[in-house]
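Chains as they are written, first to last, in this note's numbering: chain G, 17 to 404; chain P, 17 to 404.
Using N, Cα and C, we set each Cβ at its ideal position, and we do this for glycine too.
There are 2 protein chains.
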Amino acid sequence: MTSLPLRKKRYSLSDSLTELTLLSPTAMQNSHRYCVVMCGGVGSRFWPYSRAHRPKQFIDFFGTGRSLLQMSYDRILPLVPKENIIFVTNADYAPLVREQLPEITDDQILLEPARRNTAPCIAWAAYHIAARDPQASMIVAPSDHLITREREFEKAVLTGFEFVETHDALLTMGIRPVRPETGYGYIQVGEPVTENINLVKTFTEKPELELAKVFLQSGEFFWNSGIFLWSARAIIDAFHRHSPGLAAMFDSAGDIFGTPGEGQWIQNNFPGCISISIDYAVMEKAPNVYVEKVNFGWNDLGTWSALYDNSPKNRDSNVTQNCRVLAYNSTGNIFAVNSTDKLVVVDSLRDYIIADSGDVLLICPKSEEQRIKQMVNDARQHFDDKYL
Amino acid sequence: MTSLPLRKKRYSLSDSLTELTLLSPTAMQNSHRYCVVMCGGVGSRFWPYSRAHRPKQFIDFFGTGRSLLQMSYDRILPLVPKENIIFVTNADYAPLVREQLPEITDDQILLEPARRNTAPCIAWAAYHIAARDPQASMIVAPSDHLITREREFEKAVLTGFEFVETHDALLTMGIRPVRPETGYGYIQVGEPVTENINLVKTFTEKPELELAKVFLQSGEFFWNSGIFLWSARAIIDAFHRHSPGLAAMFDSAGDIFGTPGEGQWIQNNFPGCISISIDYAVMEKAPNVYVEKVNFGWNDLGTWSALYDNSPKNRDSNVTQNCRVLAYNSTGNIFAVNSTDKLVVVDSLRDYIIADSGDVLLICPKSEEQRIKQMVNDARQHFDDKYL
């Protein structure tokens, strides 16, 4: 992979950062900057804590009073004009988004009539934003991750925006790994471009533990966070080059984006899109892919075991999400209950998930969590759709 | 133990039973017959399914739509005039009794200002009833047991009433054992008096398993059910002989029973009673104690393990009280949930109690259930009284 010619002179990050630290975040807001928050997932790996009618991004996962979606919104609000924050979600979740974020307007919510993975979702958002502002730059972020160091996140996003606004670049955020994690994809960095931004050398699937240890030691590999920045123009160009079928579909809409006809057009055409991730459709093919090396306390909250491994533990090595626990002769468990007031008493339980959503209780060894999808299917088949 | 002289000639049960079967239960009601339902227990062994604010007798234990208390009332209603059914309970539970049995009147509820075990409770009820009707006979029964064969129960109670109305007898119901149960007290029968009634030879505490097996095989031992019949006169006489302090206390009230002053007198004096069971205070001392050998599908619902052992099991040998269960690789468990609509999904759990009361969830091996009392104390100490 080689660097494409840059549209402007080489970007000087050190100058820029000096400026950034002198300006308040709000002053840094740029009316051409947009955020696309993807919040349509079902989060079935966290069933029953995460439910089809209220997936994990809509849950107050840490008992802080704000859901993961609300935390995502809070995090981006200092960085992007409020009206430029766009939420892409499944049509079923529109009421939840409106309920949790009453301050946003309906034209900030893009409702997918069907689930088609991230590439069609991002393509729609890019066409939508480009129609509104051809000079737009955008950050695309999932809504169900945890980011603990907000100030570092803000710096990283501002650096990223400045980069993609001055380069024909698809920028992905690579998290500096802190352990040999086997559950994430890795990005191998190539030639440095600025202090924190490199060309991407390779994308690597989830490695075995031994390989993950080598990745960690090498210093060349970063976790693939699924957070992207680019200009609307750059990502639309990339769809044309690397996913031409998808681009042709959205091109065929002509000038419909940003007009009252957009919703109906999407209703008719979006379900016909190929279901494919942005990684497969674009990022692994494009030559102008860069990685910003960041370290802002990120966790993708992907599995119970990963959540357990990365959560603070009490004296008994138990993790408690949002509930009161009395544990006897019990270690290595994770307790997740949708009620801060509920008391859970356990005796002689080791390395289990105990998740209670009010109408569903799951008790399952952490080592068996891959069965949860089957359990959800069985619950539907034997009992009722309401348990999904 | 020897038989006291009988007040009437030897009772002929076979004649009597012929009559009984020809008469409807209602026709058998006798205005001198009373029932005392004891319903003041806290049921802490079934925590958190049974809670201090709603102990097990007030719970719809089997999801039938009727609580154990209501089932006790339904069971006795054909046998005793409705207005002669007296409920003795803790003052805290008066609202629950009124709510669950709206058809009874306040003068049918005796409210104990303090818990003093069964002897003071029964003494009060006996003095109260004797004041109302010196010729009264009474059945005393707990409200938190299960009786599955109602017709057999009715026959046994009518037989018992006829016996105690014609003999100076304290009659206890002995359940014909169906397994070598180590959790119950046993009654060894002595000389037969009628077809189903014998003198009592001994009362025996909970035996070890080997001894329980001998008891079962011998045919001489019956489970002590805690259901008693006697005339008010006979039990008051027995208190005078075998628990004179208690008798003196109630004698000191003079003519207060059945008058508006009774409640205040109890309020002032009942807490000063000795806390002692009727077994220790009277039954194990009196010579005129008889046992009626009965077999009406009785279970004292005393422990989770006993409930498990005596409940119907599904294919996986799990017992489900009142909830929906999906079990994977899980056997020998008992599930008790205060919501028929809740789904419980378990993986890799063997021989556990899973009890969910809404605000408390307990997961505990059946073999550790003796710890539950300690857990309740810990919940109070570490968190809040509301979890009791």
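Discussion item. Taking the alpha helix (DSSP H) that P:Lys358 belongs to, which residues open and close that run?
Written reply: Position 342 of the second sequence, counted from the first residue, corresponds to residue 358 of chain P. P:Lys358 -> no alpha helix (DSSP H), and no H or E assigned at all.
Practice prompt. Could you tell me which residues DSSP puts in a beta bridge with G:Gly190?
Written response: For the purposes of this step, residue 190 of chain G is taken as the residue at position 174 of the first sequence. Paired residue(s): G:Asn240 and G:Lys309.
Worksheet item: Could one say the Cβ of P:Glu119 lies closer than 8 Å to chain G's Cβ atoms, at least one of them?
Response: By 1-based counting over the second sequence, the position of residue 119 of chain P is 103. No - not a single Cβ of chain G is within 8 Å of the one on P:Glu119.
Practice prompt. Please report the residue range of the alpha helix (DSSP H) in which P:Gln124 lies.
Written response: In the second sequence, the residue the question calls residue 124 of chain P occupies position 108. First-last for P:Gln124: undefined, no H or E at that position.
Practice prompt. Name, please, each residue of chain P whose Cβ falls closer than 8 Å to the Cβ of G:Arg324.
Written response: Here the question's residue 324 of chain G lines up with position 308 in the first sequence. Sequence inspection shows Tyr at residue 324 of chain G; the Arg mentioned does not correspond to that position. By Cβ distance, chain P contributes nothing, its closest Cβ being about 16 Å from G:Tyr324, past 8 Å.
Item to complete: Tell me, to the nearest whole angstrom, how far the beta carbon of P:Thr349 is from that of P:Leu365; I am working on the premise that it is less than 8 Å.
Response: In the second sequence, residue 349 of chain P corresponds to position 333, counting from 1. In the second sequence, residue 365 of chain P corresponds to position 349, counting from 1. The question names Thr, yet the displayed sequence has Asn at residue 349 of chain P. That pair is a contact at about 6 Å.
Worksheet item: Given G:Leu84, which residues of its chain have a CB within under 8 Å of its CB, disregarding the five upstream and five downstream residues?
Response: What you label residue 84 of chain G is simply residue 68 of the first sequence in a count that begins at 1. The answer, listed in chain order, is Lys72, Gln73, Phe74, Ile75, Phe77, Ser159, Asp160, His161, Leu162 and Leu317.
Worksheet item: Counting Cβ pairs, one atom from each stretch, are 3 or more of them under 8 Å apart for the stretch 104-115 of chain G and the stretch 218-229 of chain G?
Response: no
Worksheet item: Using 8 Å as the limit for Cβ to Cβ distance, is P:Gly333 near chain G?
Response: Here residue 333 of chain P refers to the residue found at position 317 of the second sequence. Checking the displayed sequence, the identity of residue 333 of chain P turns out to be Ser instead of Gly. So no, P:Ser333 is outside the interface.
Item to complete: May I ask you to report which of helix, strand or coil DSSP gives P:Gly201?
Response: By 1-based counting over the second sequence, the position of residue 201 of chain P is 185. P:Gly201: coil per DSSP, three-state reduction.
Fill in: P:His256 versus P:Gly190: straight-line alpha-carbon distance, rounded
Here the question's residue 256 of chain P lines up with position 240 in the second sequence. Here the question's residue 190 of chain P lines up with position 174 in the second sequence. Each residue's Cα considered, the two are about 25 Å apart.
Discussion item. Against chain G, does P:Asp401 count as a neighbour if the rule is that its beta carbon must be under 8 Å from one of theirs?
Written reply: Position 385 of the second sequence, counted from the start, is the residue given in the question as residue 401 of chain P. Chain G contact via Cβ: absent.
Item to complete: Could you round the C-beta distance between G:Ala142 and G:Ile251 to whole angstroms and report it? I think they count as a contact, below 8 Å.
Response: Taking the first sequence and counting its residues from 1, the one referred to as residue 142 of chain G is at position 126. Taking the first sequence and counting its residues from 1, the one referred to as residue 251 of chain G is at position 235. Correct: roughly 5 Å between the Cβ atoms.
Worksheet item: For P:Thr210, which of P:Ala185, P:Glu221 and P:Ala248 has the nearest alpha-carbon?
Response: Position 194 of the second sequence, counted from the start, is the residue given in the question as residue 210 of chain P. Of P:Ala185, P:Glu221 and P:Ala248, the residue nearest in Cα terms is P:Ala185.
Discussion item. Less than 8 Å between CB atoms is the rule here; does P:Arg407 satisfy it with respect to chain G?
Written reply: What the structure shows of chain P is the stretch from 17 to 404, and residue 407 of chain P is not part of that stretch, so it cannot be assessed.
Discussion item. What does the Cβ neighbour count give for P:His144, buried or exposed, with the cut at 16 atoms within 10 Å?
Written reply: By one-based count along the second sequence, residue 144 of chain P stands at place 128. Counting Cβ neighbours within 10 Å, P:His144 comes out buried, since at least 16 surround it.
Fill in: Per-residue DSSP class, three states only, for P:Ile290
Taking the first residue of the second sequence as 1, we reach residue 290 of chain P at position 274. In the structure shown, P:Ile290 sits in coil (DSSP, three-state: anything other than H, G, I, E or B).
Fill in: Per DSSP, the bridge partner or partners of P:Leu162
For the purposes of this step, residue 162 of chain P is taken as the residue at position 146 of the second sequence. In DSSP, P:Leu162 forms a bridge with P:Asn315.
Worksheet entry | Collapsed DSSP secondary structure at P:Ala371 in the structure displayed | The residue you call residue 371 of chain P lines up with position 355 of the second sequence. Strand.
Worksheet item: Which of the three DSSP states, helix, strand or coil, is assigned to P:Pro381?
Response: Taking the first residue of the second sequence as 1, we reach residue 381 of chain P at position 365. Of the three classes helix, strand and coil, the one that applies to P:Pro381 here is strand, per DSSP.
Item to complete: Tell me, to the nearest whole angstrom, how far the beta carbon of G:Asp372 is from that of P:Leu377; I am working on the premise that it is less than 8 Å.
Response: Position 356 of the first sequence, counted from the first residue, corresponds to residue 372 of chain G. Position 361 of the second sequence, counted from the first residue, corresponds to residue 377 of chain P. Indeed they touch by this definition, with Cβ atoms about 6 Å apart.
Worksheet item: What's the call for P:Lys382, buried or exposed, on a 16-neighbour Cβ count within 10 Å?
Response: Taking the first residue of the second sequence as position 1, residue 382 of chain P is located at position 366. Buried is the call here.
Practice prompt. List the residues that DSSP assigns as beta-bridge partners of G:Gln337.
Written response: In the first sequence, counting from the first residue as 1, residue 337 of chain G sits at position 321. For G:Gln337, which the question treats as bridged, DSSP gives the partners G:Ala352.
Worksheet item: Checking contacts by CB at 8 Å: is G:Pro381 closer than that to chain P?
Response: Taking the first sequence and counting its residues from 1, one reaches residue 381 of chain G at position 365. Yes, G:Pro381 lies at the interface with chain P (some Cβ there is under 8 Å from its Cβ).
Practice prompt. Please confirm whether G:Glu178 and G:Arg91 have their CB atoms less than 8 Å apart.
Written response: Translated into positions along the first sequence, residue 178 of chain G becomes position 162. Translated into positions along the first sequence, residue 91 of chain G becomes position 75. Taking 8 Å as the Cβ cut-off, G:Glu178 and G:Arg91 do not qualify as a contacting pair.
Discussion item. Less than 7 Å between C-beta atoms, sequence neighbours within five positions excluded: which residues of the same chain meet that for G:Gly261?
Written reply: As a working mapping, residue 261 of chain G is identified with position 245 in the first sequence. Counting only Cβ-Cβ distances below 7 Å, and skipping sequence neighbours, we find Ile290.
Item to complete: Return the CA-CA distance between G:Asn106 and G:Tyr65, expressed in angstroms with no decimal places.
Response: On the first sequence, residue 106 of chain G is found 90 positions in, with the first residue counted as 1. On the first sequence, residue 65 of chain G is found 49 positions in, with the first residue counted as 1. Each residue's alpha carbon lies about 19 Å from the other.
Practice prompt. Output yes if chain P places a C-beta closer than 8 Å to the C-beta of G:Ile2; else output no.
Written response: For residue 2 of chain G there is no data in the structure shown, the boundaries of chain G being 17 and 404.
Worksheet item: Which first and last residues belong to the beta strand (DSSP E) in which G:Met54 is found?
Response: Taking the first sequence and counting its residues from 1, one reaches residue 54 of chain G at position 38. Counting along the chain, the beta strand (DSSP E) containing G:Met54 begins and ends at Arg49 to Met54.
Item to complete: Report the residue from P:Leu117, P:Glu119, P:Tyr403 and P:Val52 whose alpha carbon sits nearest the alpha carbon of P:Ala157.
Response: For the purposes of this step, residue 157 of chain P is taken as residue 141 along the second sequence, with counting starting at 1. The option with the nearest alpha carbon to P:Ala157 is P:Val52.
Worksheet entry | Secondary structure of G:Ala343, DSSP reduced to three states | Your numbering for residue 343 of chain G matches position 327 in the first sequence. G:Ala343 falls in the strand class under three-state DSSP.
Item to complete: Figure out for me which residue from G:Ile101, G:Arg132 and G:Asn311 has the closest Cα to the Cα of G:Leu117.
Response: Position 101 of the first sequence holds residue 117 of chain G. Ranking G:Ile101, G:Arg132 and G:Asn311 by Cα distance to G:Leu117 puts G:Ile101 first.
Worksheet item: Secondary structure at G:Ile92, three-state DSSP: helix, strand or coil?
Response: Residue mapping note: residue 92 of chain G aligns to position 76 of the first sequence, counting from 1. Residue state, collapsed to three classes: helix.
Worksheet item: Short check: CB of P:Glu221 to CB of P:Gly199, under 8 Å?
Response: Your numbering for residue 221 of chain P matches position 205 in the second sequence. Your numbering for residue 199 of chain P matches position 183 in the second sequence. Cβ atoms of P:Glu221 and P:Gly199: not closer than 8 Å.
Practice prompt. Verify whether the separation of the beta carbon atoms of P:Ile203 and P:Phe169 is less than 8 Å.
Written response: Residue numbering aside, residue 203 of chain P sits at position 187 when the second sequence is read from its first letter. Residue numbering aside, residue 169 of chain P sits at position 153 when the second sequence is read from its first letter. In this structure, P:Phe169 does not lie closer than 8 Å to P:Ile203 by Cβ.
Worksheet item: Which value, in whole angstroms, describes the spacing of the CA atoms of G:Asn315 and G:Leu215?
Response: Taking the first residue of the first sequence as position 1, residue 315 of chain G is located at position 299. Taking the first residue of the first sequence as position 1, residue 215 of chain G is located at position 199. Each residue's Cα considered, the two are about 23 Å apart.
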